[in-house]
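Asker:
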Amino acid sequence: MTWHPHITVATVVERDGRFLMVEEFKAGLHVFNQPAGHLEPNESLQQAALRETLEETAWDVELTGVVGIYLYTAPSNGVTYQRICFAARPVHHHAERPLDSDIQRALWLSRDELLADPARWRSELVPRCIDDYLAGPLHSLALLRD
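Per our numbering: the sequence shown = residues 475 to 620.
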């Protein structure tokens with residue numbers, strides 16, 4: 475058996491102390507996550523973050539830095555993910571744009587609202603990325619090379 479880690483991106487988008495989140499239906503539960511998804515062929519990490527954020531939230535964003543690079547093995551299925559988490563600022567909302575089919579809705583939550591219901595986190599990375607973003611420092615986008 476060959477081990478294949480999954481490369482994913484996520485985006486922490488803050489506006490007025492609230493964070494852009496998605497509510498998705500996974501394993502029979504409605505859970506919260508940052509806009510996130512898998513890197514696609516012939517795509518840079520930055521392009522993947524911008525695409526996933528738009529597809530899942532209908533927001534165009536501007537990437538402002540790298541929050542962190544995380545290695546996470548999901549206890550539910552043993553799959554290992556490498557997540558590159560970006561920080562971004564909201565630029566434009568496309569209110570009429572449909573969201574990805576597995577996304578129930580996009581919403582803005584405060585950190586406290588998110589922390590109040592840990593059973594609804596997609597994974598432990600959801601609050602960790604927000605906390606790492608808040609604690610800083612953000613790393614330059616130049617850290618990533620194509």
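Glycine included, each C-beta is placed from N, C-alpha and C at the ideal position.
It should be emphasised that the depicted structure is a prediction, and the values quoted were computed from it without experimental measurement.
With respect to the beta strand (DSSP E) encompassing Gln-621, which residues constitute its N-terminal and C-terminal limits?
Answerer: The shown model of the chain, from 475 to 620, leaves out residue 621, and the question about it has no answer.
Asker: Does DSSP put Asp-586 in a helix, in a strand, or in coil?
Answerer: Stepping through the sequence shown from its first residue, residue 586 is reached at position 112. In this structure, Asp-586 counts as helix in the three-state DSSP scheme.
Asker: Can you confirm whether the segment 475-490 touches the segment 535-553 when touching is taken to mean that 3 or more C-beta pairs between the two stretches lie within less than 8 angstroms?
Answerer: Counting Cβ pairs under 8 angstroms, three or more are found: they touch.
Asker: Determine the DSSP secondary structure at Ala-523, reduced to helix, strand or coil.
Answerer: Here residue 523 refers to the residue found at position 49 when the sequence shown is read from its first residue. Helix at Ala-523.
Asker: Three-state secondary structure (DSSP) at Asp-534?
Answerer: As a working mapping, residue 534 is identified with position 60 in the sequence shown. Note: Asp-534 maps to strand in three-state DSSP.
Asker: Let me know if Thr-527 comes out buried or exposed under the rule of 16 or more other beta-carbons within 10 Å of its beta-carbon.
Answerer: By one-based count along the sequence shown, residue 527 stands at place 53. So Thr-527 counts as buried.
Asker: Leaving out the 5 sequence neighbours to the left and right, which residues in its chain are closer than 7 angstroms to Gln-508 when beta-carbon positions are compared?
Answerer: By one-based count along the sequence shown, residue 508 stands at place 34. Taken in chain order, the residues that qualify are Ala-484, Thr-485, Val-486, Met-495, Val-600, Cys-603.
Asker: On the DSSP bridge list, what partners appear for Trp-595?
Answerer: Reading the sequence shown from its first residue, position 121 is the one you call residue 595. Its beta-bridge partners are Phe-506.
Asker: So what does Ala-616 bridge to, in DSSP terms?
Answerer: Residue 616 sits at position 142 when you count from the first residue of the sequence shown. Beta-bridge pairing links Ala-616 to no other residue.
Asker: If you drop the 5 nearest sequence neighbours on each side, which residues of the same chain put their C-beta closer than 8 angstroms to that of Phe-493?
Answerer: Taking the sequence shown and counting its residues from 1, the one referred to as residue 493 is at position 19. Answer for Phe-493: Val-486, Val-487, Gln-508, Trp-582, Leu-583, Ser-584, Arg-585, Leu-588, Ile-604, listed in chain order.
Asker: What first and last residue would you give for the beta strand (DSSP E) that runs through Leu-494?
Answerer: By 1-based counting over the sequence shown, the position of residue 494 is 20. Segment 492-500, the beta strand (DSSP E) holding Leu-494.
Asker: What residue does the beta strand (DSSP E) around Ala-548 start on, and which one ends it?
Answerer: As a position in the sequence shown, residue 548 is number 74, starting the count at 1. Per DSSP, Ala-548 belongs to no beta strand (DSSP E) and is neither H nor E.
Asker: DSSP state of Leu-581, grouped into three classes?
Answerer: For the purposes of this step, residue 581 is taken as residue 107 along the sequence shown, with counting starting at 1. If DSSP states are grouped into helix, strand and coil, Leu-581 belongs with the strands.
Asker: Leaving out the 5 sequence neighbours to the left and right, which residues in its chain are closer than 6 angstroms to Leu-524 when beta-carbon positions are compared?
Answerer: As a position in the sequence shown, residue 524 is number 50, starting the count at 1. If we look at Leu-524 and ignore the five residues flanking it on each side, it has no Cβ neighbours.
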